[in-house]
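By full-length UniProt numbering, the letter at position 344 of the sequence shown is numbered 344, and the numbering carries on one by one without gaps. C-beta atoms are modelled at their ideal positions from N, C-alpha and C, and glycine is treated no differently. Notes to accompany the following structure.
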Amino acid sequence: MTVRKASHAGSWYTDDGEQLDSELESWLGAVPATVDTLVTEEVEPAPLPMSGVRAIIGPHAGLSYSGATAAYAYKSINTSGIKRVFILGPSHHVYMRRCAFSQCTEYETPLGNIQVDRKAISELQRKGRGAWESMGLEVDEDEHSLEMHLPFIYKIFEHRIDDIKLVPILVGNLSFDREQAFGALLAEYLEDEENLFVVSSDFCHWGSRFRFTWYKESEDTGAVQLGGKRAGSRETPIWKSIERLDYDGMRAITRLDHVEFKQYLDQTENTICGRHPIGVLLGAVSHLFPEHPGNADNGPQLRFVKYAQSSKVQEASDSSVTVTSPTSEKPQRKPSSRGTSDELLSAAERENLVNEAEWGFRKWLTENGPSTGYVMYPSTRQILKSLQSLYVTLEEIDFSDIALK
Numbered sequence: 001m002t003v004r005k006a007s008h009a010g011s012w013y014t015d016d017g018e019q020l021d022s023e024l025e026s027w028l029g030a031v032p033a034t035v036d037t038l039v040t041e042e043v044e045p046a047p048l049p050m051s052g053v054r055a056i057i058g059p060h061a062g063l064s065y066s067g068a069t070a071a072y073a074y075k076s077i078n079t080s081g082i083k084r085v086f087i088l089g090p091s092h093h094v095y096m097r098r099c100a101f102s103q104c105t106e107y108e109t110p111l112g113n114i115q116v117d118r119k120a121i122s123e124l125q126r127k128g129r130g131a132w133e134s135m136g137l138e139v140d141e142d143e144h145s146l147e148m149h150l151p152f153i154y155k156i157f158e159h160r161i162d163d164i165k166l167v168p169i170l171v172g173n174l175s176f177d178r179e180q181a182f183g184a185l186l187a188e189y190l191e192d193e194e195n196l197f198v199v200s201s202d203f204c205h206w207g208s209r210f211r212f213t214w215y216k217e218s219e220d221t222g223a224v225q226l227g228g229k230r231a232g233s234r235e236t237p238i239w240k241s242i243e244r245l246d247y248d249g250m251r252a253i254t255r256l257d258h259v260e261f262k263q264y265l266d267q268t269e270n271t272i273c274g275r276h277p278i279g280v281l282l283g284a285v286s287h288l289f290p291e292h293p294g295n296a297d298n299g300p301q302l303r304f305v306k307y308a309q310s311s312k313v314q315e316a317s318d319s320s321v322t323v324t325s326p327t328s329e330k331p332q333r334k335p336s337s338r339g340t341s342d343e344l345l346s347a348a349e350r351e352n353l354v355n356e357a358e359w360g361f362r363k364w365l366t367e368n369g370p371s372t373g374y375v376m377y378p379s380t381r382q383i384l385k386s387l388q389s390l391y392v393t394l395e396e397i398d399f400s401d402i403a404l405k
């Protein structure tokens, strides 16, 4: 058994369990029973907890800065029925081009330990066919983006913490296509009501120490880097310019539009440290909703329920970090419009889909059937290849010519 120590306790947050519990109680207790939705004004105020929350995006700054804001996201969660928590956090210390799993069996917190779901990790590694990396204990304990969520996770599940398991995932510097690919691997887990996804990200890191002093006087003017210039006398305060910048990115995320979010980042270079974990989440949603998720009937909704800056920047020599708390509700798969399989998938993709369906059926037979294997005749493979929808389900397949052996 390998336990990841709470390596940032005592510095980023208290290592005293009783004090930490009291702070968490205070932050969660301060969240109102009903919250307004930011960015999307037409959405009605939401009572907490919300129904069907499958994912939250929460900050990972020191809890003295971020705890009150993170509490809004965690107070939004209806914890009943949840058995597994995926945490996706950016890598701050190690450069990676893929995603990495923890090799530990438990994660320590000052409140108690939380189990890691080794079975789910093994399943994802098998499905990913070499796509995943593993992080060593030193890398795991150096990184704070995953750890900063553990106290809240423990707290909201404290009455049945032994039934909760973690899947910690460190997300590297991914291309857009890799965000989509890892999102596709995680999509079925996001769809499952027993899973909760926690995406770890702060928003704008502003100031010379972050090498980012983006400023825009108004919507009609171009953006500039202030450098060492004083900006206190400008008509628009710097903190307000930062808020506008963040809100533009929040709108793209609210629309669950992965392409739009990527374009926003390319244009503004906003220092959202969890851009890649957010991209993986958006990739998973777009996999479940191949026709623009933001326009899908009865599709998922994402609400920003809290926005805060660590300080109100007035001068170019100041700095701040933005923290937000959005929640995503009900990401259930919407079948794509039917067309020919040639229109939907390439030949290689169709073959891969057939193989995946065959593997899934083999697994089902092994776990539930009267035998340990099966024979799939060529005619059945032809049925699989000729399906007219993007997703293969057992209801769509005639398995009458499959013989158990």
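For a test of the three-state rule: what should DSSP assign to residue i, helix, strand or coil?
i: MET135; result: strand
i: PHE203; result: coil
i: VAL94; result: coil
i: ALA223; result: coil
i: CYS34; result: Just to set this straight, residue 34 is Thr in the shown sequence, not Cys. In this structure, THR34 counts as strand in the three-state DSSP scheme.
i: SER66; result: helix
i: LEU111; result: coil
i: GLN125; result: helix
i: residue 476; result: In the structure as shown, the chain starts at 1 and stops at 405, and residue 476 therefore has no counterpart that could be examined.
i: PHE289; result: coil
i: ARG178; result: helix
i: ALA61; result: coil
i: VAL375; result: Because the pLDDT of VAL375 is 45, which lies under 50, any placement of that residue in the model is unreliable, and the question is left without a value.
i: LYS75; result: helix
i: GLN103; result: coil
i: GLY10; result: coil
i: PRO45; result: coil
i: GLY89; result: strand
i: ILE253; result: helix
i: GLU243; result: helix
i: VAL280; result: helix
i: LYS119; result: helix
i: VAL259; result: helix
i: ARG303; result: strand
i: ARG54; result: strand
i: ARG209; result: helix
Relative to the alpha-carbon of residue i, which residue among the options has its alpha-carbon at the smallest distance?
i: SER241; options: PHE212, ALA252 and ARG255; result: PHE212
i: PRO300; options: ALA73, LEU288 and SER7; result: LEU288
i: LYS306; options: THR2, GLY29, ASP36 and GLU123; result: ASP36
i: ILE57; options: ALA187, ALA71, ARG244 and GLU106; result: ALA71
i: GLN125; options: GLU194, SER286 and LEU185; result: LEU185
i: residue 487; options: ALA61, LEU281 and GLU291; result: An answer regarding residue 487 cannot be provided, because it is not within the stretch 1 to 405 covered by the chain.
i: THR14; options: LEU150, GLU44 and ILE121; result: LEU150
i: HIS144; options: CYS273, ARG97 and LEU20; result: CYS273
i: residue 410; options: GLU108, ILE153 and LEU302; result: The first residue shown for the chain is 1 and the last is 405, placing residue 410 beyond what the model contains.
i: ASN24; options: GLU141, THR40, GLU106 and PHE157; result: One detail in the question is off: residue 24 reads as Leu in this sequence, not Asn. Here the closest residue by C-alpha is PHE157.
i: GLY89; options: SER218, MET148 and ASP162; result: MET148
i: LYS155; options: GLN19, HIS8 and LEU245; result: GLN19
i: SER7; options: ASP177, GLU235 and LEU137; result: LEU137
i: ASP192; options: ARG118, LYS216, PHE86 and VAL139; result: PHE86
i: PRO277; options: GLY183, GLU106 and SER26; result: GLY183
i: GLN225; options: ASP202, ALA252 and GLU269; result: GLU269
i: VAL167; options: LEU196, HIS159 and SER286; result: LEU196
i: ALA187; options: ALA68, PRO290 and LEU48; result: PRO290
i: HIS92; options: GLN103, THR105 and LEU146; result: LEU146
I need the straight-line Cα distance from residue i to residue j, nearest angstrom please.
i: residue 462; j: VAL171; result: Any answer about residue 462 is impossible in this case: the structure gives the chain only from 1 up to 405.
i: GLY249; j: TYR264; result: 6 Å
i: ILE383; j: ILE169; result: Residue placement at ILE383 is poorly supported in this model, since its pLDDT is 46, which falls under 50; the coordinates still yield a value, given next. Whole-angstrom Cα-Cα distance: 37 Å.
i: LYS165; j: ARG84; result: 5 Å
i: GLU243; j: ALA223; result: 14 Å
i: PHE304; j: LYS127; result: 33 Å
i: LEU111; j: GLY17; result: 5 Å
i: MET1; j: ALA46; result: 42 Å
i: SER66; j: SER200; result: 12 Å
i: VAL39; j: PHE210; result: 26 Å
i: ASP246; j: ARG255; result: 14 Å
i: LYS119; j: LEU63; result: 31 Å
i: HIS205; j: ARG275; result: 12 Å
i: VAL259; j: ASP162; result: 39 Å
i: GLN309; j: ILE238; result: 12 Å
i: ALA9; j: ALA100; result: 23 Å
i: GLU235; j: SER208; result: 21 Å
i: GLU194; j: THR79; result: 9 Å
i: TYR189; j: SER122; result: 14 Å
i: ARG129; j: ARG98; result: 13 Å
i: ASP142; j: VAL94; result: 9 Å
For residue i, is the beta carbon positioned less than 8 Å from some heavy atom of the ligand HEM?
i: ALA30; result: As far as ligands go, the structure on display features none, and thus does not contain the ligand HEM.
Problem - Contact the stretch 17-31 vs the stretch 66-81: 3+ CB pairs below 8 Å - result: Segments in contact, yes.
Handout entry: the stretch 43-57 in contact with the stretch 127-140 per 3-pair CB rule at 8 Å
Key = Counting Cβ pairs under 8 Å, fewer than three are found: no touch.
Problem - Any beta strand (DSSP E) of 3 or more consecutive residues that is wholly inside the stretch 145-176 - result: At a cut-off of 3 residues, the continuous stretches assigned as beta strand (DSSP E) that sit fully inside the stretch 145-176 are 165-171.
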